[in-house]
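Structure first, then comments.
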Amino acid sequence: MGDNSPRLLTVAVTSRALFDLEESHALFESDGVAAYAEFQRQHEDDILGPGVAFPVVRKLLALNQGASPENPRVEVILLSRNSADTGLRIFNSIQHYGLGIIRATFTAGEPTWPYVKPFGTDLFLSANPESVRSALRHGIAAATILPKPPGETAAAAADQIDTGRPAGQLRIAFDGDAVIFGDESERISREQGVEAFGRHERERAREPLSGGP
């Protein structure tokens, strides 16, 4: 009999996806790491605006309401390419918004995705497409959270879109191809074309699909 006991859902999110870091990221791209570090130190008491992943993270953490602190339903882990020094502003912002994020890793400029698996992460959210591709290549479920231009991210995260459902309700859509299921069919379509894809699907119509990341 399968194990139906509740299991902790662990989600890793990068600081650039969680908070609006586009201004400082642009400074990093133009002036380098030293200018970026100095900027963050000078603004460590300035609270960061919500990033594009902020609403999702807040709703994920809300699933812990009613659960005991010792047995949460969801854990969100922060991964950041900041150093522990420049990351102080990020932790100040976490505390300001009351986000229940306890564990974090600061890589001091190194890629964040290699730290995903050691944390036993179920899903990795990042604003860096290359990090997401690297995670997927290593069998880690990951998704790119696309950042918006500076000044728009915070407003977009705060806006309430009328969807006809409760504002705090969390809904997630998963792509079947190469996400829930394997990418064999998608690779055939990409490499050999639509006709080969159709033939492949007809020939294997009764074969179960392999699992995806």
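So the sequence shown is numbered by this note's numbering: it starts at 63 and just counts up by one.
Quick reminder that beta carbons are idealized off the backbone N, C-alpha and C, glycines included.
query, result
"8 Å Cβ cutoff met for L187 and I207", "yes"
"Secondary structure of G273, DSSP reduced to three states", "strand"
"A97, DSSP secondary structure in three states", "helix"
"L110 vs F81 beta-carbon contact at 8 Å", "yes"
"Proximity below 8 Å, CB of R151 to CB of H87", "no"
"Nearest-angstrom Cα separation, counted from A267 out to S142", "43 Å"
"Collapsed DSSP secondary structure at R261 in the structure displayed", "helix"
"Local conformation of V178 per DSSP, three classes", "coil"
"Rounded distance between the beta-carbons of A129 and R135, thought under 8 Å", "5 Å"
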